[in-house]
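The number in my numbering is simply the position in the sequence shown, starting from 1, with 40 added. This report refers to the structure that appears directly beneath it.
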Amino acid sequence: MSQCELIPQPVFTRAQIAARVNEMGAALTRLYGEEALVAICVLKGAFVFFSDLVRELRNPNLELDFVRLSSYGKSCESSGHVIFHKDIEVDIHDKHVLIVEDIVDSGHTMRFLLDQFKVRAPRSIRVAVLIDKGERRRADVPIDISGFYVPGGFLVGYGLDCAERYRALPDIWEITAASRACQI
Ligand code: IMP
Ligand code: MG
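Shown next as structure tokens:
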């Protein structure tokens, strides 16, 4: 069995994703109004979600930045040992911060980011996540807005990868259990 084989039915279609991202953008636009806001994309997985979401934010004081982290490596379970490959470049002091992430799974990655940014004294920090795998949480992280909830499974497409493949698929798909190197 080859690695990363797709179950032949999308989990979330591009139309479902677009509708949900639209709702999330509207809610966040109401929440922040025109206050200074820095939206931070967690590379690489969140890049498609981020680009769709920020274009729904009606805020002239919106700044965008990017972080690149490493926790998963090539193993299946987030280790809790997270490092920055690339930090943000803008100053977040006294600004609202919105961390935009693809998936919160164990929560280790998000816990690391929240701890890193908190000490830089932003006005607030919130988390927008496309997919919440809530049942798998190990670290306690508050999620302010999520697109979809899934109990498990390994998802690809719309920015999400399996060994760097499938990020460019417009819909979200699941990898077959048999083709997974390990159970997520
Ligand atoms: P956490 O630290 O366990 O919460 O790991 C979250 C990170 O693991 C996400 O940013 C993703 O990069 C990756 N991840 C977790 N589940 C999946 C999945 O189903 N597909 C693709 N990447 C995943
Ligand atoms: Mg990620």
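Just so you know, even glycine gets a beta-carbon here, dropped at the ideal spot from N, CA and C.
Cut-off 7 Å between Cβ atoms - residues of its own chain near residue i, not counting five sequence neighbours on either side
{"i": "P100", "result": "E74"}
{"i": "G120", "result": "H148"}
{"i": "R178", "result": "S146, G147, H148"}
Contacting residues, own chain, Cβ-Cβ under 6 Å from residue i (five flanking each side not counted)
{"i": "I185", "result": "M64, A168"}
{"i": "R205", "result": "C44"}
{"i": "R207", "result": "G199, D201"}
{"i": "P191", "result": "E175"}
8 Å Cβ shell around residue i - same chain, five flanking residues per side excluded
{"i": "P50", "result": "G197, D211, I212, W213"}
{"i": "H133", "result": "R160, A161, P162"}
Beta-carbon proximity check, residue i vs residue j, cutoff 7 Å
{"i": "H125", "j": "R108", "result": "yes"}
{"i": "K135", "j": "V78", "result": "yes"}
{"i": "I128", "j": "I165", "result": "no"}
{"i": "R95", "j": "D145", "result": "no"}
{"i": "D131", "j": "G199", "result": "no"}
{"i": "F157", "j": "V137", "result": "yes"}
{"i": "R220", "j": "F188", "result": "no"}
{"i": "C44", "j": "I171", "result": "no"}
Residue i CB to nearest heavy atom of the ligand IMP below 6 Å
{"i": "H148", "result": "yes"}
{"i": "D142", "result": "yes"}
{"i": "F24", "result": "For residue 24 there is no data in the structure shown, the boundaries of the chain being 41 and 224."}
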